[in-house]
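Protein sequences, first through last, are from chains B and S.
For the first sequence, position 28 (counting from the first letter as 1) is numbered 28 according to this note's numbering, and the numbering increases by one without interruption.
For the second sequence, position 166 (counting from the first letter as 1) is numbered 166 according to this note's numbering, and the numbering increases by one without interruption.
Below is one structure, written out as structure tokens; comments come after it.
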Amino acid sequence: MEATITLRVDGEKHELTVDTRTTLLDALRDRLGVTSPKKGCDHGQCGACTVLVEGRRVLSCLTFAVAQEEAEVTTAAGLAGEGELHPVARAFVDNDGFQCGYCTPGQVCSAVGMLREAAEGWPSHVSGDLEGPVRLDDEEIRERMSGNLCRCGAYANIVAAIREAAE
Amino acid sequence: MRPFDYVRPAEASSAVATVAGDPGAAYIGGGTNLVDHMKLGIAAPTSLVDVRGLLSDRVEETPEGVLRVGAAVPNSDLAAHPEVRRRFPVLSQALLSGASGQLRNVATTGGNLLQRTRCVYFQNRAMPCNKREPGTGCAAVEGYGRYNAVLGTSEHCVATHPSDMAVALTALGARVRVLGPEGERTVDLPGLHRLPGDRPERDTVLEHGELITAVELPRLPLARRSAYRKVRDRASYAFALVSVAAALEVVEGTVTDVRVAFGGLAHAPWRALRAEEVLRGRAATEESFREAAEAELAGARTGPDNAFKVPLAVNTLAATLRGLTAEEARR
Ligand SMILES: Cc1cc2nc3c(=O)[nH]c(=O)nc-3n(C[C@H](O)[C@H](O)[C@H](O)COP(=O)(O)OP(=O)(O)OC[C@H]3O[C@@H](n4cnc5c(N)ncnc54)[C@H](O)[C@@H]3O)c2cc1C
Ligand code: SF4
Ligand code: FES
Ligand code: FES
């Protein structure tokens, strides 16, 4: 079945008619040509498709486009300012936080969402005190980023990049 | 994937009427389980009724001091809620040990409770599975058995329930508010999830069309000292092999009150009433903790792949109670 929906992606409004079976990821990549979110597993297991919806990090492969009607979607490409990288993306470049780069747009979106969660004081599985302040040490960064796999194993530098961006 | 209609009704009553009146219709919350199943071809609804907009996404306290969690509250927000962290740490910890940041941001309280088993044969349409296709047999009994249940199994199904949140809610004695075509009802935890028996295709006691609207957490001062401990094959982003949700009160070295539930052991979150009984009035010692866990697991039925779960469950319960006792002593 088809549905006509409005998607707001990286500050632009698009009206499109989609088969209801189209995931947000496929709508972004195949219909709108927004290719920074990547398809890794397509089953919620790798994080390569991470985008921000209303500022929260989510997996675009596990939601149908029709369910994101009118939501504000931001992809890694949309994070950049005028001719300038987003500070988190900059930190990935400065710290060699990638090798092939396939997981990187998802990592960057996830890190941006995660830093906001930490700023709100959300605890994680490794936080000793659920009510204490959040200190983003390496263990916290690793836990909070565990939904983003890197097939190249660039983890050490990904953690370094996020540590730098968090400062 | 089978084509489907997608609707977003404004009222819970019309959502219920739609799903109850159409065997092919299904509710969708965050979609993190259902979309996956539709891709795998193990769920094929012809109509999806999105309920996020019509269910509460707030945590509110009733005049009786009950914490009422709307069924659309995302897992992340529930885990971070100040009252949950303060009054029910076991629930925050259980949620934070599950899935990933991205998934928790989207997964709803209602959907989490009704997520289906991660049994690898259930998820693979090429394999026989009584839960997916009643009467075809159970590939897990003779197959890969590391995640298989050890308590309350039947010859028809040995799958485990995957939710961490549900284990904490079971220890806390939470109540699930349900709206059906005949009106509202309340289902207590434990009691929502079934044991497989000869109907493994039914995960819960809910009828088709019944909508979870909220989860209620009754006052439980005991729960201020509570914890969730999850053992898994990797440090993060994996389902439990065994998990324990526990709350403990110790006065002068004696257990005065205790709540325990296990995850990873059965087709439903497992409230350990026998272990609780052994513990009440006993010295809060390693010996009592182990004895209680062993009593609970006395009826375990295991195979070569999952026999490890029995000592693992004993150790995990003992470690959880040891930690809570130490916490109590520090106060
Ligand atoms: C890679 C991965 C790892 C994961 N790891 C964990 C883990 O470690 N621990 C854990 O606990 N979970 C884990 N999960 C599962 C996750 O927690 C669930 O997918 C999620 O909680 C489901 O919530 P949802 O709102 O997305 O449900 P949906 O997918 O929307 O729905 C799930 C089911 O519930 C029904 N439903 C939804 N809402 C309602 C309602 N209000 N009333 C009645 N029926 C309803 C739907 O029809 C469907 O059958 C993992 C998932 C993935 C993909
Ligand atoms: S254990 Fe249950 S879910 Fe798994 S294959 Fe057997 S019947 Fe299916
Ligand atoms: S492509 Fe979405 S999580 Fe892997
Ligand atoms: S840089 Fe290659 S997958 Fe992460």
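Every residue, glycine too, gets a C-beta built ideally from N, C-alpha and C.
In its own chain, which residues sit with a C-beta less than 7 Å from the C-beta of residue i, not counting the 5 before and 5 after it?
{"i": "residue 284 of chain S", "result": "250, 253, 254, 255 and 325"}
{"i": "residue 105 of chain S", "result": "74 and 76"}
{"i": "residue 92 of chain S", "result": "79, 84 and 85"}
{"i": "residue 301 of chain S", "result": "150 and 153"}
{"i": "residue 48 of chain B", "result": "38, 39, 40, 102, 103 and 106"}
{"i": "residue 95 of chain B", "result": "157, 160, 161 and 164"}
{"i": "residue 229 of chain S", "result": "243, 244, 316, 319 and 320"}
{"i": "residue 74 of chain B", "result": "10, 51 and 52"}
{"i": "residue 22 of chain S", "result": "47"}
{"i": "residue 137 of chain B", "result": "none"}
Taking residue i as the query, report the chain B residues whose CB atoms sit under 7 Å from its CB, ordered along the chain.
{"i": "residue 96 of chain S", "result": "123, 124 and 125"}
{"i": "residue 1 of chain S", "result": "21"}
{"i": "residue 86 of chain S", "result": "131"}
{"i": "residue 89 of chain S", "result": "130"}
Under a CB-based cut-off of 8 Å, is residue i close to chain A?
{"i": "residue 64 of chain B", "result": "No chain A appears in the structure shown, which is made up of the protein chains B and S."}
At a CB-CB cut-off below 8 Å, which residues of chain B make contact with residue i?
{"i": "residue 236 of chain S", "result": "125, 142, 143 and 146"}
{"i": "residue 39 of chain S", "result": "42 and 43"}
{"i": "residue 5 of chain S", "result": "1 and 20"}
{"i": "residue 243 of chain S", "result": "Those do not exist, as residue 243 of chain S stays about 12 Å from chain B at its closest Cβ, beyond 8 Å."}
{"i": "residue 92 of chain S", "result": "123 and 130"}
Determine the burial state of residue i: buried for a count of at least 16 other Cβ atoms within 10 Å of its Cβ, exposed for fewer.
{"i": "residue 54 of chain B", "result": "exposed"}
{"i": "residue 205 of chain S", "result": "exposed"}
{"i": "residue 165 of chain S", "result": "buried"}
{"i": "residue 37 of chain S", "result": "buried"}
{"i": "residue 184 of chain S", "result": "exposed"}
{"i": "residue 208 of chain S", "result": "exposed"}
{"i": "residue 44 of chain B", "result": "buried"}
{"i": "residue 128 of chain B", "result": "exposed"}
{"i": "residue 220 of chain S", "result": "buried"}
{"i": "residue 269 of chain S", "result": "buried"}
{"i": "residue 287 of chain S", "result": "exposed"}
{"i": "residue 57 of chain B", "result": "buried"}
{"i": "residue 29 of chain S", "result": "buried"}
{"i": "residue 19 of chain S", "result": "buried"}
Take residue i and list the residues in its own chain whose beta-carbon comes closer than 8 Å to its own, dropping the five residues that flank it on each side.
{"i": "residue 305 of chain S", "result": "144, 145, 146 and 148"}
{"i": "residue 309 of chain S", "result": "150, 241, 242, 264, 265, 300 and 302"}
{"i": "residue 64 of chain B", "result": "20, 21, 22, 23 and 24"}
{"i": "residue 66 of chain S", "result": "216, 217, 218 and 219"}
{"i": "residue 43 of chain S", "result": "26, 34 and 37"}
Going along chain S, which residues have a C-beta under 8 Å from residue i?
{"i": "residue 110 of chain B", "result": "101 and 102"}
{"i": "residue 91 of chain B", "result": "Within chain S, no residue comes near residue 91 of chain B; the closest Cβ sits about 18 Å away, beyond 8 Å."}
{"i": "residue 59 of chain B", "result": "32, 102, 103 and 106"}
Please list the partners that residue i has in chain S, where partner means a Cβ-to-Cβ separation under 9 Å.
{"i": "residue 117 of chain B", "result": "76, 80, 101 and 105"}
{"i": "residue 113 of chain B", "result": "101, 102 and 105"}
Report the neighbours of residue i on chain B: residues whose CB is nearer than 9 Å to its CB, in chain order.
{"i": "residue 262 of chain S", "result": "Near residue 262 of chain S there are no residues of chain B at all, since even the closest Cβ is about 19 Å away, more than 9 Å."}
Below 6 Å CB to CB, which residues in the same chain sit around residue i once its five sequence neighbours on both sides are set aside?
{"i": "residue 315 of chain S", "result": "none"}
{"i": "residue 39 of chain S", "result": "none"}
{"i": "residue 5 of chain B", "result": "66 and 69"}
{"i": "residue 169 of chain S", "result": "189"}
{"i": "residue 91 of chain B", "result": "161, 164 and 165"}
{"i": "residue 70 of chain S", "result": "55, 56, 57, 58 and 214"}
{"i": "residue 264 of chain S", "result": "160, 240, 241, 242 and 243"}
{"i": "residue 118 of chain S", "result": "162 and 239"}
{"i": "residue 121 of chain S", "result": "127, 129, 139 and 140"}
So which residues on chain S does residue i lean against when the C-beta distance must stay under 7 Å?
{"i": "residue 178 of chain B", "result": "Given that chain B is displayed from residue 1 to residue 167, the structure contains no residue 178 of chain B and the question cannot be resolved."}
Chain S contacts made by the segment 9-23 of chain B, where a contact means CB separation under 9 Å: 19, 20, 21 and 23
Assess, as a yes-or-no matter, whether the segment 102-111 of chain B is touched by the segment 120-129 of chain B under the definition of 3 or more beta carbon pairs within less than 8 Å. no
Any contact of the segment 179-196 of chain S with the segment 148-168 of chain S, i.e. 3+ C-beta pairs under 8 Å? yes
Given 8 Å, three or more beta-carbon pairs between the segment 129-140 of chain B and the segment 58-71 of chain B: no
Check whether the segment 46-53 of chain S and the segment 123-130 of chain S are in contact - that is, three or more C-beta pairs closer than 8 Å. no
Does the segment 144-159 of chain B come close enough to the segment 82-90 of chain B to have 3 or more Cβ pairs within less than 8 Å? no
If we count Cβ pairs, one from each stretch, closer than 8 Å, do we get three or more for the segment 204-223 of chain S versus the segment 107-122 of chain S? yes
For the segment 14-36 of chain S, list every residue whose C-beta sits within 7 Å of some C-beta in chain B, in sequence order. 31, 32, 35 and 36
Quick one: which residues of the segment 26-57 of chain B get their C-beta closer than 8 Å to a C-beta of chain S? List them in chain order. 42, 43, 44, 47, 50, 56 and 57
Check whether the segment 164-180 of chain S touches the segment 133-143 of chain S, taking contact to mean three or more Cβ pairs, one atom from each stretch, closer than 8 Å. no
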